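**Student:** FYI, full-length UniProt numbering numbers position 39 of the sequence shown as 39, with every residue one higher than the one before it.
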Amino acid sequence: MDLRKEEDSGTRNDLRGKVYGDVTQIGTVVNPPPRKRWLLLVGLPVLAALATVGGVLAAGRGDAGPLPADGEAVKTEAVADTTTNNWECGDSAVVPGLRVGAEGLPVVRAFPRDGVQADRSVITVTLQGTTQEELVLTGARTVIVSRRPPVEGTHLAAVCASEVPVRAFEVDLDIDGAPLVPVPDPRPKAPKKTVTGWPYAIKEGDAEHFVISPKTMKYDTEFRIVVRWSSGGSKGEVVLDDHGKPFRYTATTAADPLCAVPGQDGGYRYLPAASPRCPGKS
1 MDLRKEEDSG TRNDLRGKVY GDVTQIGTVV NPPPRKRWLL LVGLPVLAAL
51 ATVGGVLAAG RGDAGPLPAD GEAVKTEAVA DTTTNNWECG DSAVVPGLRV
101 GAEGLPVVRA FPRDGVQADR SVITVTLQGT TQEELVLTGA RTVIVSRRPP
151 VEGTHLAAVC ASEVPVRAFE VDLDIDGAPL VPVPDPRPKA PKKTVTGWPY
201 AIKEGDAEHF VISPKTMKYD TEFRIVVRWS SGGSKGEVVL DDHGKPFRYT
251 ATTAADPLCA VPGQDGGYRY LPAASPRCPG KS
């Protein structure tokens, strides 16, 4: 099976940096200690890339409509850019129909074709206002579109070359209407800081950057995320999805786990988790 992502997918097709440390098993896998690279940090220049790879979503529940005519006031609303199908440290996918034999499989360096985003892969979101008037983001929740049994196939995980960002949220897809919950910086050596929860203030040119990790142990789930905002006496919602389609995430409980081991070419290869070459099996 050709796992390479199609050229126009918008996802990165390279693995930056080098992998350091031991590699443990995928599924019950803990990826190797990453080099100090950042996937996403509030205020870093890399966030500008979100504007080119993310899908711009209309504020509220409908089309934002035509641009205002000259001299007409711009309505104050919240707008969002989202990016999915990332392939960084912590991202993974279940690939239906993929079987990995004893000879192994070269490490995949971009989101695999036909893969379904797996439990705890990230969604990156940039939220800002349309004017200089300050908006307050007051909370967010999921809207479940459908649930099915977990996808069967093989579970592939990105080999770590970067760290999980500071601003992070989790959401439990096994619960209807689950809120986005701020979580601490999960890096082992990160400074201990108090988690800043809702609300967050945004306006034009002053954005908030979220990294959301949906988790599920039970289902193959399609969902959207609704972010609430207020400004003065106005209130509204911004709906986050995958370029007009629901996000889709699957549990890995029905997928075959793999491990990643050093190959003869100096890179890494995926092997079935039961292979005697996997860490802890010898």
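The C-beta atom is built at its ideal place from N, Cα and C for all residues, glycine as well.
These numbers were taken from a predicted model, which means no experiment stands behind them.
#1: Taking 8 Å as the threshold (C-beta atoms), are V125 and A80 in contact?
#2: Which residue comes first and which comes last in the beta strand (DSSP E) that contains Y249?
#3: Is the CB-CB distance between V95 and L156 below 8 Å?
#4: Quickly, what does DSSP pair R148 with across the bridge? List them, please.
#5: Whole angstroms are fine: how far does the CA of G205 sit from the CA of R248?
#6: For D91, does the count of other Cβ atoms within 10 angstroms reach 16, so buried, or fall short, so exposed?
#7: Buried or exposed: T196, going by 16 or more other Cβ atoms within 10 Å of its Cβ?
#8: Look at P179 and R228 and say whether their C-beta atoms are less than 8 Å apart.
#9: Measuring alpha carbon to alpha carbon, tell me which residue in G101, R147, A118, A158 is nearest C89.
#10: Does the Cβ-Cβ distance between P150 and D220 come in under 8 Å?
#11: Using a Cβ-Cβ cut-off of 7 Å (strictly less than) and excluding sequence neighbours within five positions of V145, which residues of its own chain qualify?
#12: What residue range is occupied by the uninterrupted beta strand (DSSP E) comprising E72?
#13: Using the beta-carbon count (16 or more within 10 Å), is G101 buried or exposed?
#14: Does the Cβ of Q117 have 16 or more other Cβ atoms within 10 Å, making it buried, or fewer, making it exposed?
#15: Helix, strand or coil: how does DSSP classify L137 here?
#16: From what residue to what residue does the beta strand (DSSP E) around E237 run?
#17: Mapping DSSP to helix, strand and coil, what is L156?
#18: How many angstroms separate the CA atom of E208 from the CA atom of R277?
#19: Can you tell me the Cα-Cα spacing of T131 and F210, whole angstroms?
#20: Which residue's Cα is closest to the Cα of N85: R120, P262, A274?
#21: Note the first and the last residue of the continuous beta strand (DSSP E) segment covering G129.
#22: Name the two residues that bound the continuous beta strand (DSSP E) containing H209.
#23: Let's test the definition: count the other Cβ atoms within 10 Å of the Cβ of A110 and tell me whether it reaches 16, buried, or not, exposed.
#24: If you count every other CB in all the chains shown that lies within 10 Å of the CB of G104, and 16 or more means buried, which is it?
#25: Please state whether DSSP places S275 in a helix, a strand or coil.
#26: So T76 and L135 are in contact, right, with Cβ under 8 Å, and what is the actual spacing, rounded?
#27: Which of the three DSSP states, helix, strand or coil, is assigned to Q264?
#28: Is P106 helix, strand or coil when you go by DSSP?
**Tutor:** Looking at the atomic coordinates:
#1: As a first step, residue 80 is located in the sequence shown; it is residue number 80 there, counting from the start. As a first step, residue 125 is located in the sequence shown; it is residue number 125 there, counting from the start. Yes.
#2: Locating residue 249 in the sequence shown gives position 249, where the first residue counts as 1. Element bounds for Y249: 247-250.
#3: Within the sequence shown, the letter at position 95 stands for residue 95. Within the sequence shown, the letter at position 156 stands for residue 156. Cβ atoms of V95 and L156: closer than 8 Å.
#4: Indexing the sequence shown from 1 puts residue 148 at position 148. In DSSP, R148 forms a bridge with D220.
#5: Locating residue 248 in the sequence shown gives position 248, where the first residue counts as 1. Locating residue 205 in the sequence shown gives position 205, where the first residue counts as 1. Approximately 30 Å, taken between the alpha carbons.
#6: Within the sequence shown, residue 91 is the residue found at index 91, counting from 1. Answer is buried; the Cβ neighbour count reaches 16.
#7: For the purposes of this step, residue 196 is identified with residue 196 of the sequence shown, where counting begins at 1. Per the 10 Å Cβ criterion, exposed.
#8: If you number the sequence shown from 1, residue 179 lands on position 179. If you number the sequence shown from 1, residue 228 lands on position 228. No, these two residues do not count as a Cβ contact at 8 Å.
#9: Taking the first residue of the sequence shown as position 1, residue 89 is located at position 89. Ranking the options by Cα distance to C89, first place goes to A158.
#10: Position 150 of the sequence shown, counted from the start, is the residue given in the question as residue 150. Position 220 of the sequence shown, counted from the start, is the residue given in the question as residue 220. Against a cut-off of 8 Å, the Cβ pair of D220 and P150 comes out as a contact.
#11: For the purposes of this step, residue 145 is identified with residue 145 of the sequence shown, where counting begins at 1. These residues qualify, in order along the chain: E222, F223, R224, P246.
#12: As a first step, residue 72 is located in the sequence shown; it is residue number 72 there, counting from the start. E72 -> no beta strand (DSSP E), and no H or E assigned at all.
#13: Within the sequence shown, the letter at position 101 stands for residue 101. G101 should be labelled exposed.
#14: Stepping through the sequence shown from its first residue, residue 117 is reached at position 117. Under this definition Q117 is a buried residue.
#15: For this step, residue 137 is matched to residue 137 along the sequence shown. Strand.
#16: If you number the sequence shown from 1, residue 237 lands on position 237. Looking at the DSSP string, the run of the beta strand (DSSP E) that includes E237 is 234-240.
#17: Working through the sequence shown from its first residue, we reach residue 156 at position 156. Strand, per DSSP.
#18: The residue labelled residue 208 in the question sits at position 208 within the sequence shown. The residue labelled residue 277 in the question sits at position 277 within the sequence shown. Near 44 Å, if we compare the C-alpha coordinates of R277 and E208.
#19: Position 131 of the sequence shown, counted from the first residue, corresponds to residue 131. Position 210 of the sequence shown, counted from the first residue, corresponds to residue 210. Going from the Cα of T131 to the Cα of F210 covers about 20 Å.
#20: The count along the sequence shown starts at 1 and reaches residue 85 at position 85. When only C-alpha atoms are compared, the closest one is R120.
#21: Position 129 of the sequence shown, counted from the start, is the residue given in the question as residue 129. That run of the beta strand (DSSP E) goes 123-129.
#22: Residue 209 sits at position 209 when you count from the first residue of the sequence shown. Taken as a continuous stretch (DSSP letters only), the beta strand (DSSP E) holding H209 covers 208-215.
#23: Your numbering for residue 110 matches position 110 in the sequence shown. Buried: at least 16 other Cβ atoms inside 10 Å.
#24: As a working note, residue 104 is residue 104 in the sequence shown. Buried, by the Cβ-count rule.
#25: For the purposes of this step, residue 275 is identified with residue 275 of the sequence shown, where counting begins at 1. Coil at S275, not helix or strand.
#26: Here residue 76 corresponds to residue number 76 of the sequence shown, with the count starting at 1. Here residue 135 corresponds to residue number 135 of the sequence shown, with the count starting at 1. The Cβ separation is near 7 Å, so the contact holds.
#27: One-based indexing of the sequence shown puts residue 264 at position 264. It is coil, neither helix nor strand.
#28: In the sequence shown, counting from the first residue as 1, residue 106 sits at position 106. Here P106 sits in strand by DSSP.
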